[in-house]
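In terms of the numbering used here, the sequence shown opens at residue 218 and continues consecutively.
Encoded as structure tokens, the structure appears first; notes follow it.
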Amino acid sequence: MALSTQKVTPETMPEPVDRPTPRRKPKREVTTIGGRTLKPSTLMMGYGYDPTLSEGALKPPIFLTSTFAFESAAAGKRHFEGITGQREGGAEGLVYSRFNGPNQEILEDRLGVWDGAEDTLVFSSGMSAIATLLLAYCQAGDVIVHSGPLYAATEGFIARVMARYGVRYVDFPAGASRADIDAVIARGKEMGRVALIYLESPANPTNALVDVEAVAAARDALCPETPIAIDNTFLGPLWQRPLDHGADIVVYSLTKYAGGHSDLVAGGVSGARYWIDPIRALRNTMGTILDPNTSWMLLRSLETLEIRMQRATANAVAVCDYLKDHPKVEGLGFLGLLPEGSQKDIYRRHCTGPGSTFSLFVRGGEAEAFRFLDSLRIAKLAVSLGGTETLASHPAAMTHLSVPPERKAALGISDNLVRISIGIEDAGDLIADFEQALEKV
Ligand SMILES: Cc1ncc(COP(=O)(O)O)c(C=O)c1O
Numbered sequence: 218m219a220l221s222t223q224k225v226t227p228e229t230m231p232e233p234v235d236r237p238t239p240r241r242k243p244k245r246e247v248t249t250i251g252g253r254t255l256k257p258s259t260l261m262m263g264y265g266y267d268p269t270l271s272e273g274a275l276k277p278p279i280f281l282t283s284t285f286a287f288e289s290a291a292a293g294k295r296h297f298e299g300i301t302g303q304r305e306g307g308a309e310g311l312v313y314s315r316f317n318g319p320n321q322e323i324l325e326d327r328l329g330v331w332d333g334a335e336d337t338l339v340f341s342s343g344m345s346a347i348a349t350l351l352l353a354y355c356q357a358g359d360v361i362v363h364s365g366p367l368y369a370a371t372e373g374f375i376a377r378v379m380a381r382y383g384v385r386y387v388d389f390p391a392g393a394s395r396a397d398i399d400a401v402i403a404r405g406k407e408m409g410r411v412a413l414i415y416l417e418s419p420a421n422p423t424n425a426l427v428d429v430e431a432v433a434a435a436r437d438a439l440c441p442e443t444p445i446a447i448d449n450t451f452l453g454p455l456w457q458r459p460l461d462h463g464a465d466i467v468v469y470s471l472t473k474y475a476g477g478h479s480d481l482v483a484g485g486v487s488g489a490r491y492w493i494d495p496i497r498a499l500r501n502t503m504g505t506i507l508d509p510n511t512s513w514m515l516l517r518s519l520e521t522l523e524i525r526m527q528r529a530t531a532n533a534v535a536v537c538d539y540l541k542d543h544p545k546v547e548g549l550g551f552l553g554l555l556p557e558g559s560q561k562d563i564y565r566r567h568c569t570g571p572g573s574t575f576s577l578f579v580r581g582g583e584a585e586a587f588r589f590l591d592s593l594r595i596a597k598l599a600v601s602l603g604g605t606e607t608l609a610s611h612p613a614a615m616t617h618l619s620v621p622p623e624r625k626a627a628l629g630i631s632d633n634l635v636r637i638s639i640g641i642e643d644a645g646d647l648i649a650d651f652e653q654a655l656e657k658v
């Protein structure tokens, strides 16, 4: 069988054990007023929730239940006739909490608003979202084409876990040109069916951008049935909307900017229903869904998402403006200070803001970087990013310690690299903190 030309459809996926469960609809949403389309920041306060379904509670209660009662035996039968296909129209209402629940459904509706996505799923972590996506789309003999670098656990899952099930990969560097992307996809097609193109932009930890439009054009020319998934954790959902640039599935670690308070772990995928259905079926089977309590916390986070991301980004611009000319700073990897060139060109086409996570290269090596980190008084020394508080870490000695030296060198993960995620504190206070820490170097 010529696998590389086989259409990737839900029919070619492994048979799902459970079918998706459509929801009981809340009242009709108000999404326009007088011809004006309401903005996501407005919709975050109520979209997807109907108080009349919850005793009039203004905010959704947390639904701690593992199962949902049928209204009658006939309703239960009707439900199962729907999910088994014996009746047109599919299942009605909620049935079991491994498949979905009210808090998760409201959250999924609201997340989808930001990306302009038809359907969204939430997961127990960014990694469980990514793992469920990869397992849903790939089978033995398939090839994943991905950009590099990826978040270390994603790279490991593709290279080591998916390899155990006969799935191989080829990769191209994040900044690759159309010609280079074409060549890597062509190499992938020689190895087997290209089941998935997986991108991360900006990449963790280098901030390198992928030209999503060029990848989409290459896909259309070389493997038109293959979906493009992209990890949008660093800039999304505010500063980048990859579905508008040719991607099919957007992936998130919601632990970061979406959660935004460094107090929860969650993940998400969004896209057209056609692409999300196979992932939903596998999530139903595996139970990688997010719990109701964390979903509720995320609903709260989304109400302030725009102002948090705007403030953190304005702070990062101010801090980087101070750092860029400091004599003890060798360089900055900040999207707001890209020199003219192909990365700036991608930035202009794909992004509406630089975010607040960047690399700071301290003049010197590990000793100087450590002295800087240990001297910070406001910024906390911790991995992760996207919280209300400023965090700083040392990728070479922490998150990327196990990466071989040659790969670290190729990715620019040097001993003097400090990764910073700016929060929503006062910008002047943050500058004062960096100033006194650099004095100690
Ligand atoms: C870009 C990116 N994707 C995915 C993940 C994994 O997300 P989680 O930690 O929520 O599983 C991370 C975590 O740092 C990340 O930075």
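In this text, a Cβ means the ideal position worked out from N, Cα and C, and glycines have one as well.
On a predicted model such as this, the values are computed, not experimentally measured, just so you know.
{"Asked": "Cβ-Cβ distance between residue 439 and residue 402 below 7 angstroms", "Found": "yes"}
{"Asked": "Continuous alpha helix (DSSP H) assignments of at least 4 residues falling wholly in the region 309 to 358", "Found": "319 to 332 and 343 to 354"}
{"Asked": "Residue nearest to residue 309 in terms of C-alpha spacing, selected from 315, 294, 321 and 323", "Found": "294"}
{"Asked": "Own chain partners of residue 458 with C-beta closer than 7 angstroms, once the 5 adjacent residues on each side are dropped", "Found": "332 and 333"}
{"Asked": "Coil, strand or helix - residue 485 by DSSP", "Found": "strand"}
{"Asked": "Residue 472 beta carbon near ligand 1 (any heavy atom closer than 6 angstroms)", "Found": "yes"}
{"Asked": "Entirely enclosed alpha helix (DSSP H) segments - the region 496 to 538, minimum 4 residues", "Found": "509 to 520"}
{"Asked": "Residue 332 CB to nearest heavy atom of ligand 1 below 6 angstroms", "Found": "no"}
{"Asked": "Whole-angstrom distance between residue 315 and residue 341, CA atom to CA atom", "Found": "11 angstroms"}
{"Asked": "Endpoints, the alpha helix (DSSP H) within which residue 565 is located", "Found": "559 to 567"}
{"Asked": "Cβ pair residue 265, residue 323 closer than 7 angstroms", "Found": "yes"}
{"Asked": "Three-way DSSP call (helix, strand, coil) for residue 390 in this model", "Found": "strand"}
{"Asked": "Among 253, 384, 360 and 506, the one whose alpha carbon lies nearest that of residue 414", "Found": "360"}
{"Asked": "Three-state secondary structure assigned by DSSP to residue 409", "Found": "coil"}
{"Asked": "C-alpha gap between residue 614 and residue 391, whole angstroms", "Found": "23 angstroms"}
{"Asked": "Residues bridged to residue 580 [DSSP beta-bridge criterion]", "Found": "None; residue 580 has no bridge partner."}
{"Asked": "Extent of the continuous beta strand (DSSP E) run through residue 643", "Found": "Segment: none, residue 643 is in no beta strand (DSSP E) and carries neither H nor E."}
{"Asked": "Any non-hydrogen atom of ligand 1 closer than 6 angstroms to residue 379 Cβ", "Found": "no"}
{"Asked": "Nonlocal neighbours in the same chain, by C-beta distance under 6 angstroms from residue 547, ignoring five residues either side", "Found": "578 and 580"}
{"Asked": "Residue 425 to residue 516 span [Cα, whole Å]", "Found": "30 angstroms"}
{"Asked": "For residue 470, the residue or residues it bridges with in DSSP", "Found": "484"}
{"Asked": "Residue 404 (DSSP reduced to helix, strand or coil)", "Found": "helix"}
{"Asked": "Euclidean distance between Cα positions of residue 600 and residue 576", "Found": "13 angstroms"}
{"Asked": "Nearest candidate by alpha-carbon position, reference residue 633, set 589, 371 and 509", "Found": "589"}
{"Asked": "Alpha helix (DSSP H) segment containing residue 547, residue limits", "Found": "Premise fails: residue 547 lies in the beta strand (DSSP E), 546 to 550, not in any alpha helix (DSSP H)."}
{"Asked": "Reduced DSSP secondary structure (H/G/I, E/B, other) of residue 369", "Found": "helix"}
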